[in-house]
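Numbering (my numbering), first residue to last: 90 to 227.
Yeah, the Cβ is synthetic: ideal placement off N, Cα and C, and Gly gets one too.
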Amino acid sequence: MGERLRFHPILPPALKEFAILITACVWQASFEWYAHYAMARAAGMDAAKLAPLLDGARPDGMTEDEAAVYDFATGLHRDRQVSDEVYRRVVERFGTDGAVELIALCGYYTLVAMTLNVAQVQAPPADYPSLPPPPVPR
Numbered sequence: 090m091g092e093r094l095r096f097h098p099i100l101p102p103a104l105k106e107f108a109i110l111i112t113a114c115v116w117q118a119s120f121e122w123y124a125h126y127a128m129a130r131a132a133g134m135d136a137a138k139l140a141p142l143l144d145g146a147r148p149d150g151m152t153e154d155e156a157a158v159y160d161f162a163t164g165l166h167r168d169r170q171v172s173d174e175v176y177r178r179v180v181e182r183f184g185t186d187g188a189v190e191l192i193a194l195c196g197y198y199t200l201v202a203m204t205l206n207v208a209q210v211q212a213p214p215a216d217y218p219s220l221p222p223p224p225v226p227r
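#1: Taking one C-beta from the segment 101-114 and one from the segment 209-217 each time, how about it: are there three or more such pairs within less than 8 Å?
#2: Can you look up P141 in the DSSP assignment and give me helix, strand or coil?
#3: Check whether the segment 159-179 touches the segment 117-129, counting contact only when three or more Cβ pairs, one atom from each stretch, lie closer than 8 Å.
#4: Just to confirm the assignment: which complete beta strand (DSSP E) runs, minimum length 3, are found wholly within the segment 100-170?
#5: Out of H166, G133, T152 and E174, state which residue places its alpha-carbon closest to the alpha-carbon of L194.
#6: For L191, which of helix, strand or coil comes out of DSSP?
#7: Under three-state DSSP, which class holds A212?
#8: Can you tell me whether L100 is buried or exposed, with buried defined as 16 or more other CB within 10 angstroms of its CB?
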C-alpha cells in the first residue's frame, strides 16, 4: 500500500503531502512532519499554508482543492467520519478513487506516525518550522 500511495497517487503531489502533514500534526509525529515538509514544499505547497497546521489551525487562503483535502483529512481524524458535503467536494474534484486514496493516506500515515511515536523517533533540527514530539508517557 505504501508504494502505491507514495509512487502512484491519484491526488496531486502537493495535496498528498498536505494530507500527510495534517496526519503528522494530529499524531504529533515530529519525524513524519520533518520528512514530508520538504516534499510538500518541493511539490508547491506554500509554507504559509503549512505553518498553521502546527497549531491545529485552519490555514488561510487555501485553494478549493486544498480546502477539500483539509476538511476531509481533519474531519476524518477528528470525527472519525466526514460529512456528506465534504465527501461530495472531494469526489467532485478527485473522483471516488481520489476519496478512497485520501482515506488510505490518512490511515497509512497514521500507522507510520504511531510507529514513529512508539519508537520515539525524533526529527533532527531543520531550517523550517518543526513539530514537537508528543510527551512520553510514564
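Judging by the given coordinates:
#1: Touching, no.
#2: Under the three-state reduction of DSSP, P141 is assigned to helix.
#3: No, they do not touch.
#4: Taken in chain order, the segment 100-170 contains no complete beta strand (DSSP E) segment of 3 residues or longer.
#5: If we check each option's Cα against that of L194, H166 comes out closest.
#6: Note: L191 maps to helix in three-state DSSP.
#7: Here A212 sits in coil by DSSP.
#8: Per the 10 Å Cβ criterion, buried.
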